[in-house]
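Each residue of the sequence shown is one higher than the one before, counting from 1 in full-length UniProt numbering. C-beta: ideal position from N, C-alpha, C; glycine also. Here's the structure we're looking at; comments come further down.
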Amino acid sequence: MKTDTNLPAHANHLSAVSDDPLIDRLHWVIRQAIRLLAVLMVAVILWCVADVVLVLYERLSAPPVMLLQFNDIFVVFAAFLAVLIAIEIFANITLYLRDDVIHVKLVVATALMAIARKVIVLDLSTLEPAYLYAIGVIVLALGITYWLVSTKTDSA
């Protein structure tokens, strides 16, 4: 496992070697569990891609054939964005496996993409104002967090 000498000592908390054999074995189990999560995420991504194909087929084969209604476009967007979010989560898992460090910028970017998906597919006619305000606060908080993390990593 690759380690970065600029990271604090606790950053590589699943390192392959420790003074305690039990801890070594438990770390190995956790690393295998993370690998399993990566494999499962690939299965989810493939499932989501199949879902996109199915949604497109269903929407384009329904009358009027080969035309998407306004609501159909949002359903298709939601399916596409779900695939992209799954890919981002897979990237988080693989980076964690490789570096054994949580990449905060990528995690926040994934959260921004997830909330953006939610905003894109919102049906504004059925929402309470408080729900909309809450989503606005979440988007603002994640945007500021991403900006802060980006400026910190850019200047470092």
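Status (buried if at least 16 other CB within 10 Å, exposed otherwise) for residue i
i: Ile144; result: exposed
i: Ala79; result: buried
i: Leu81; result: buried
i: Leu7; result: Legend: pLDDT at Leu7 = 44, less than 50; position of this residue unreliable, no value from coordinates given.
CB contact flag (residue i, residue j, <8 Å)
i: Val76; j: Leu97; result: no
i: Leu95; j: Tyr146; result: no
i: Arg59; j: Asp72; result: yes
i: Val42; j: Phe74; result: no
DSSP state of residue i mapped onto helix, strand, coil
i: Leu54; result: helix
i: Leu127; result: coil
i: Ala109; result: helix
i: Gln32; result: helix
i: Asp20; result: coil
i: Met66; result: coil
i: Leu40; result: helix
i: Val137; result: helix
i: Leu97; result: helix
i: Leu60; result: helix
i: His27; result: helix
i: Ile102; result: coil
i: Val121; result: coil
Contacts around residue i, its chain only, beta-carbon distance under 7 Å, and the 5 residues preceding and following it disregarded
i: Thr110; result: Ile85, Glu88, Ile89, Asn92
i: Leu22; result: none
i: Ala11; result: In this prediction, Ala11 has a pLDDT of 48, which is less than 50 and means its spatial position is unreliable; what the coordinates show is noted afterwards. Excluding sequence neighbours, Ala11 sits near Val101.
Contacts around residue i, its chain only, beta-carbon distance under 8 Å, and the 5 residues preceding and following it disregarded
i: Ile115; result: Ile135, Ile138, Val139, Leu142
i: Leu68; result: Arg59, Leu60, Val76
i: Met66; result: Leu60
Original post:
Would you call the segment 42-51 and the segment 105-118 in contact, with 3 or more CB pairs under 8 Å?
Top reply: The segment 42-51 vs the segment 105-118: no contact.
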